[in-house]
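Before any comments, here is the structure.
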Amino acid sequence: MKIRLATSMDIPELTELKKPQKEEYRKKFYENQINRLKEMENDESIYLVGEMNNKIIAHLLLKLKGIPSESGYPNINDLYVAEQERNKGYGSELISKAEEIAREKGYTKISLAVNPTLNPKAMALYEHVGYVKTSTKPYVDGIYDGVEDWCIDMVKKLS
Ligand SMILES: CC(C)(COP(=O)(O)OP(=O)(O)OC[C@H]1O[C@@H](n2cnc3c(N)ncnc32)[C@H](O)[C@@H]1OP(=O)(O)O)[C@@H](O)C(=O)NCCC(=O)NCCS
């Protein structure tokens, strides 16, 4: 997989990556892409895409200043791999690239958040690549489609 920075040319493809079924989701995903590119222009985030045969199959948003519960160092946000491309190591590759970027920028820690109840597979992957829970008590990370997303934070020390 080739990993590179997202550009405005990618917006249509990135909008469709999660296969939005409803127009309201498509519109929201589209707006998200615009916001992410703006954040990258402002040096707040790094938006990585993974490509195979010139087709985008994955993305990861690295928020450089972190999130309120783990601030001051980068946070891995919205890691996503297209369904048919999962379990081939691409998610791990993107995480590793995000860690490399954080390290190069002088950070010694990196975090991410996961819903341990709804996403035990993702949590197992994060543990496998060295992330450790900072607390077992989940908090509401956001409300998506009217449903609360209960997450825990995980942190990795970068050596
Ligand atoms: C979570 C997600 C990003 C993982 O991406 P992925 O590309 O499937 O991840 P990987 O392939 O690197 O790792 C998945 C598992 O496959 C294994 N694997 C890695 N390379 C492999 C290979 N070449 N062959 C077989 N298995 C492999 C890994 O060891 C890992 O197992 P583990 O969980 O026991 O450690 C993906 O499932 C996804 O997009 N899910 C929906 C969105 C989501 O939940 N995002 C996370 C929000 S917190």
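The sequence shown begins at 190 in this note's numbering and counts up one residue at a time. For every residue, glycine included, the Cβ atom is placed at its ideal position computed from N, Cα and C.
Please tell me whether, using a cut-off of 7 Å, the distance from the CB of Ala313 to the nearest non-hydrogen atom of ligand 2 is below it.
This structure simply doesn't include ligand 2; it includes ligand 1 instead.
Cβ-heavy atom distance, Arg275 to ligand 1, below 7 Å:
yes
Can you give the Cα-Cα distance for Pro201 and Ile341, rounded to whole angstroms?
31 Å
Of the residues Glu316, Ala247 and Asn276, which one's Cα is nearest the Cα of Ala195?
Ala247
Compute every distance between the C-beta of Val270 and the non-hydrogen atoms of ligand 1, then say whether any falls below 7 Å.
yes
Who are the Cβ neighbours of Val303 in its own chain at under 7 Å, not counting the five residues just before and after it?
Ala311, Met312, Tyr315, Cys340, Ile341 and Met343
Using the DSSP secondary-structure output, state which residues sit across from Asp338 in a beta bridge.
Gly331
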